[in-house]
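J.:
There are 2 protein chains.
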Amino acid sequence: MAAPVSTDRSPPRDFATVFARLRPHMAELDVFLRSQIAAFEPEIRDMADYCIDTSGKRIRPALVFLSGWQGDGRVLPELVRVAAVVELVHLATLVHDDIMDESELRRGRRTAARAFGPEAAVLLGDALFSHALFLAAQFPTTSVCRLVADSTRRVCAGEIIQTLRRRTDDISDADYRRIVDLKTAELFRASCALGTELAQFPPGYVEAAAIYGRQLGIAYQMYDDLADFFGREDRIGKTLGTDLISGKLTLPLLRLRQVLPEALAQELLEEIRGQRPARLAFWLEQMEGRGIFAAVAEVIFAELEQGEAALAAWSGLAPTPLLLQLGEVLREQVAALRSAAA
Amino acid sequence: MAAPVSTDRSPPRDFATVFARLRPHMAELDVFLRSQIAAFEPEIRDMADYCIDTSGKRIRPALVFLSGWQGDGRVLPELVRVAAVVELVHLATLVHDDIMDESELRRGRRTAARAFGPEAAVLLGDALFSHALFLAAQFPTTSVCRLVADSTRRVCAGEIIQTLRRRTDDISDADYRRIVDLKTAELFRASCALGTELAQFPPGYVEAAAIYGRQLGIAYQMYDDLADFFGREDRIGKTLGTDLISGKLTLPLLRLRQVLPEALAQELLEEIRGQRPARLAFWLEQMEGRGIFAAVAEVIFAELEQGEAALAAWSGLAPTPLLLQLGEVLREQVAALRSAAA
Numbered sequence: 000m001a002a003p004v005s006t007d008r009s010p011p012r013d014f015a016t017v018f019a020r021l022r023p024h025m026a027e028l029d030v031f032l033r034s035q036i037a038a039f040e041p042e043i044r045d046m047a048d049y050c051i052d053t054s055g056k057r058i059r060p061a062l063v064f065l066s067g068w069q070g071d072g073r074v075l076p077e078l079v080r081v082a083a084v085v086e087l088v089h090l091a092t093l094v095h096d097d098i099m100d101e102s103e104l105r106r107g108r109r110t111a112a113r114a115f116g117p118e119a120a121v122l123l124g125d126a127l128f129s130h131a132l133f134l135a136a137q138f139p140t141t142s143v144c145r146l147v148a149d150s151t152r153r154v155c156a157g158e159i160i161q162t163l164r165r166r167t168d169d170i171s172d173a174d175y176r177r178i179v180d181l182k183t184a185e186l187f188r189a190s191c192a193l194g195t196e197l198a199q200f201p202p203g204y205v206e207a208a209a210i211y212g213r214q215l216g217i218a219y220q221m222y223d224d225l226a227d228f229f230g231r232e233d234r235i236g237k238t239l240g241t242d243l244i245s246g247k248l249t250l251p252l253l254r255l256r257q258v259l260p261e262a263l264a265q266e267l268l269e270e271i272r273g274q275r276p277a278r279l280a281f282w283l284e285q286m287e288g289r290g291i292f293a294a295v296a297e298v299i300f301a302e303l304e305q306g307e308a309a310l311a312a313w314s315g316l317a318p319t320p321l322l323l324q325l326g327e328v329l330r331e332q333v334a335a336l337r338s339a340a341a
Numbered sequence: 000m001a002a003p004v005s006t007d008r009s010p011p012r013d014f015a016t017v018f019a020r021l022r023p024h025m026a027e028l029d030v031f032l033r034s035q036i037a038a039f040e041p042e043i044r045d046m047a048d049y050c051i052d053t054s055g056k057r058i059r060p061a062l063v064f065l066s067g068w069q070g071d072g073r074v075l076p077e078l079v080r081v082a083a084v085v086e087l088v089h090l091a092t093l094v095h096d097d098i099m100d101e102s103e104l105r106r107g108r109r110t111a112a113r114a115f116g117p118e119a120a121v122l123l124g125d126a127l128f129s130h131a132l133f134l135a136a137q138f139p140t141t142s143v144c145r146l147v148a149d150s151t152r153r154v155c156a157g158e159i160i161q162t163l164r165r166r167t168d169d170i171s172d173a174d175y176r177r178i179v180d181l182k183t184a185e186l187f188r189a190s191c192a193l194g195t196e197l198a199q200f201p202p203g204y205v206e207a208a209a210i211y212g213r214q215l216g217i218a219y220q221m222y223d224d225l226a227d228f229f230g231r232e233d234r235i236g237k238t239l240g241t242d243l244i245s246g247k248l249t250l251p252l253l254r255l256r257q258v259l260p261e262a263l264a265q266e267l268l269e270e271i272r273g274q275r276p277a278r279l280a281f282w283l284e285q286m287e288g289r290g291i292f293a294a295v296a297e298v299i300f301a302e303l304e305q306g307e308a309a310l311a312a313w314s315g316l317a318p319t320p321l322l323l324q325l326g327e328v329l330r331e332q333v334a335a336l337r338s339a340a341a
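If you're matching them up, the sequences are chains A and B in order. For the first sequence, position 149 matches number 148 in numbering that gives the first Met the number 0, and the numbering has no gaps at all. For the second sequence, position 73 matches number 72 in numbering that gives the first Met the number 0, and the numbering has no gaps at all.
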C-alpha cells in the first residue's frame, strides 16, 4: 500500500498548533524549572541555568499536560512537577549526547560540552539527572521515582545499543525498532503514563495512554530519521544526512539496503562502516527511485495506528482527542516532507 | 602542634581489619548486585557486569552495614539493598571519572571507557546510576530516593567544581575543603545516615552518625591526597604525583604554597597552571624540608576529632565502637605513610 501523499502546499500544522492551549502550563513549567536552579550548588548554577533553556519543543512536558487534561485547562501542580522531571531527564540525555556526537550547536547556541568542556558536561548531565530524581522523590509515593528511574535506564540502554552498532551493518529492522523504542519512545510512554496517573484517570486508561505515547514516540523518531534524508535544512533546522555520515543504519537505509542490487548494497554498507566516503546525494537519488519514502511512511502510519487503536475504547475522556491530534499532526508532517522534497 | 608520628614498622591495620566482620554482609551484597545484572537490557548486561566487579574496597557499603549494626551480626535485607544503591552510585561516578581522566586502568584492569569506548561509558554510567535510583525507589517511602538523589547531585557538583578549578591557582583552603566535602564526604555521610535510619536507630543518632561519616570522608580524602605525595606506589597501588601533574591544588600543595618564598611559590603555581613541567621530586623535597606532612596530618586528625565528638554521647549503641575504629585505622594509615616515607 502506498502512503497517502499530500499535494497541498500550505504549511503543515506542527506540534505547536496542538500545544497552543498549553501556554499557561508551559509558563508554569518555566517558572518551576527556573526556581530549581537555586537547588544546585552556587558554583554550578549558571551551568544548570544554561542547560534549562526555554527554547526547546518541550514535547515530553506537553505529553504530560495533554495526558492529564481534565477538560477545563486547569494546571495541576503535580503535572508541572512531573513535567519538569521528564524534561530534566531529557535535557540530561541531550547534554550527554552532545558530548558523544561532538556537536557544536544545539538550538542555535553552543552545546554544554563546548561551552564548559566535555568533563564538566558529563558531570553536569549527572547533576541534572539527579535533580530530576530528587524532584520525582517529592511525590507522596515512590511510584513516580520508580517509573522515571526505570525509564531512564531504558533510554540509556537504547543509546548504548545504538552507539555500539554504529559503523556496523549488523542491524535488522527489529533491532532498529528496539533502539527507537528504548531511546525515544520510552520517555514518551512514561510522560503519558505519569500524566494520566497523576490526574487520577482509571488504570486502564493509564495503560492505554502509555501505549499511545510509546507508539507516537516510535513514529516520531522514524519521522525524524526520514527527515534526515528528505527534510529541507531550512525547515527542520539541522544538517541533512548526519545518520549516513555517522554510520547509523536507520529505517530509510535499512529499507534501501533491502531493495538494492547486491553490488550497490555492498557499497552502501562500506560507507556505513566508514570504509569509503558517504555519498548522500547518490543514495537520496536511489531512495527516490526505489520508493523508500513511501515504504517508510507506511511503517510510520502503521505504528501510529497501533497507538490509536489503544485509545479507541476511551474516546469519551478529555485527553483522548488531544493525544490523537498529535498523531494527525505527525501524519501531516510526514506528508509535508514528501511534498517539500518533490 | 606536630602530628603524632608512629615509628613502629609493623604493617598498619587497614580498613580490611575492621571490615572482616562484614564478610557475610559483603557476600550477600555480591549476590544482590549480581542478581541486578538481569535488570539491564540484554545487550548491555555484560558491560554492567564488568563495572560491578567485586574487587573494590566497598567502603561505602561497609559504612552502611557498620552504621546499621545491631550487635548480633544479623544481615538486614534493607541494608543490603541500600548498600547496593550507594555502591552503584559510586561505581557510576567512577565510570564517568575515568572517562574524564582518560585513565587506562582501574583496579588492575581496563576502565569501562577503554573497554567500551567513552561514548558507551557515559551512557553506561547513566544506566548504573538510574538503576541505583530504581532500587532506592523500592523502599516503602520516598526518603531513601530523596537522600540518594540529593547526595548524588552534590557529589557531581563537587567533581564539577574540582574540574573547573584544575590548572588554576584560584583556590583557597576553604574551597578545597568544600570540594572534598562534596565529592567524597557526601556519600560517606549518606551511607551512615541510611544505615542508621534503616536499622531504626533514634533520629539523634542518625544525625550523629551522618556527621561522623562526613568527617571520616573528609579525612579519608585528605589522606588520599597526602598519599599522592607521600605514599609508596607498591603499597597504595597507583602512580604518585597525579594531582600535581594534572594541575589539582590539593591540601599538601596548598600548605606548601603558603610557606614557600614568593619566587618558589610562583614556580609552583606555574606548574599547576601547566605553564612549565611538573617537578614532583623537587616539590616533595620542599615538602619534607618544610614540615608539610605534619601540617596536613594535623588537619586530618582535627577533622576526625570533630566526627568523634559527634558520637561521644552515643557510646552505648552498637555501631559506635565500630565506626570509631575506622577513624583509628585511618590515623594509623596516616602515620604509616610517614614511617614508610622516612
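Just so it is clear, CB atoms sit at the ideal spot from N, CA and C, and this is done for glycine as well.
#1: Chain B beta carbons: is any one of them nearer than 8 Å to that of ILE43 (chain A)?
#2: When you compare the CB of CYS191 (chain A) with every CB in chain B, is at least one pair closer than 8 Å?
#3: Near LEU146 (chain B), which residues of its chain fall below 7 Å by C-beta distance, leaving aside the five closest residues on each side in sequence?
#4: At which residues does the alpha helix (DSSP H) containing PRO60 (chain B) begin and terminate?
#5: In or out: ARG33 (chain B) buried (at least 16 other Cβ within 10 Å) or exposed?
#6: When we look at the beta-carbon of GLY326 (chain B) and count the other beta-carbons within 10 Å, is it buried (16 or more) or exposed?
#7: Which residue's Cα is closest to the Cα of ASP125 (chain A): B:VAL143, B:ALA114 and B:GLY157?
#8: Can you name, in chain order, every residue of its own chain whose Cβ lies under 6 Å from the Cβ of PHE39 (chain A), other than the five neighbours on each side?
#9: By the DSSP assignment, the alpha helix (DSSP H) with TRP282 (chain A) in it spans what residues?
#10: Quick check: the stretch 212-225 of chain A against the stretch 304-317 of chain A, are there 3 or more CB pairs under 8 Å?
#11: Compare the C-beta of ASP242 (chain B) against all C-beta atoms of chain A and say whether one is closer than 8 Å.
#12: What first and last residue would you give for the alpha helix (DSSP H) that runs through SER129 (chain A)?
#13: Taking 8 Å as the cut-off, does the stretch 8-22 of chain B touch the stretch 55-67 of chain B (at least 3 CB pairs, one atom from each stretch)?
#14: State the beta-bridge partners of ARG105 (chain B) as determined by DSSP.
#15: For VAL94 (chain A), which residues from the same chain have a beta carbon less than 8 Å from its beta carbon, with the 5 sequence-adjacent residues on both sides left out?
#16: Quick check on the burial criterion: 16 or more other C-beta atoms within 10 angstroms. Buried or exposed for PHE281 (chain A)?
#17: If we ignore side chains and look at the alpha-carbon of each, how far apart do ALA198 (chain A) and VAL30 (chain A) end up?
#18: Using a C-beta cutoff of 8 Å, does GLU40 (chain A) count as contacting chain B?
#19: Determine whether the Cβ of ALA112 (chain A) lies closer than 8 Å to any Cβ atom of chain B.
#20: If we ignore side chains and look at the alpha-carbon of each, how far apart do GLY246 (chain A) and GLU269 (chain A) end up?
#21: Let's see if you can read the secondary structure: which residues bound the alpha helix (DSSP H) around ALA362 (chain A)?
#22: Would DSSP call GLU306 (chain A) helix, strand or coil?
#23: So, are the CB atoms of ARG73 (chain A) and MET25 (chain A) less than 8 Å apart?
#24: Taking only beta-carbon positions, decide if ALA145 (chain A) is within less than 8 Å of chain B.
#25: Does DSSP put ARG113 (chain A) in a helix, in a strand, or in coil?
#26: Closest by CA to ASP168 (chain B), which one among B:SER129, B:LEU255 and B:ASP227?
#27: If you run the structure through DSSP and keep just helix, strand and coil, what is ALA380 (chain B)?
#28: Mind checking if ILE159 (chain A) is an interface residue toward chain B, Cβ cutoff 8 Å exclusive?
#29: Helix, strand or coil, according to DSSP, for LEU146 (chain A) in the structure here?
#30: Taking only three categories from DSSP, how would you classify ALA317 (chain B)?
#31: Could you please give the first and the last residue of the uninterrupted alpha helix (DSSP H) stretch that includes GLN265 (chain A)?
#32: Just how far apart, CA to CA, sit ARG12 (chain B) and ALA334 (chain B)?
#33: Just confirm the distance between the C-beta atoms of VAL143 (chain B) and LEU186 (chain B), as a whole number of angstroms; I'd bet it's less than 8 Å.
#34: Roughly how far, in whole angstroms, is the beta-carbon of LEU253 (chain B) from the beta-carbon of ASP172 (chain B), given that I think they are within contact range, below 8 Å?
#35: Using a Cβ-Cβ cut-off of 8 Å, state whether ASP180 (chain A) counts as contacting chain B.
#36: Below 7 Å on C-beta distance, what does VAL121 (chain A) contact in chain B?
T.: Judging by the given coordinates:
#1: yes
#2: no
#3: ALA189, ALA192 and LEU193
#4: 58-66
#5: exposed
#6: buried
#7: B:GLY157
#8: ALA47
#9: 279-288
#10: yes
#11: no
#12: 117-135
#13: yes
#14: B:ARG108
#15: CYS50, THR110, ALA111, ALA112, ALA120, LEU123, GLY124 and LEU127
#16: exposed
#17: 21 Å
#18: yes
#19: no
#20: 10 Å
#21: Since the first residue shown for chain A is 0 and the last is 341, residue 362 (chain A) is missing from the structure and cannot be characterised.
#22: A small correction: the amino acid at residue 306 (chain A) is Gly; Glu does not occupy that position in the sequence shown. In the structure shown, GLY306 (chain A) sits in a helix (DSSP, three-state: H, G or I).
#23: no
#24: Here residue 145 (chain A) turns out to be Arg, not Ala, going by the sequence shown. Yes, contact with chain B.
#25: helix
#26: B:LEU255
#27: Residue 380 (chain B) cannot be examined here, being either before or after the span of chain B that is shown, 0 to 341.
#28: yes
#29: helix
#30: coil
#31: 261-271
#32: 11 Å
#33: Not confirmed; about 14 Å, so no contact.
#34: 6 Å
#35: no
#36: HIS95, ILE98, MET99 and VAL121
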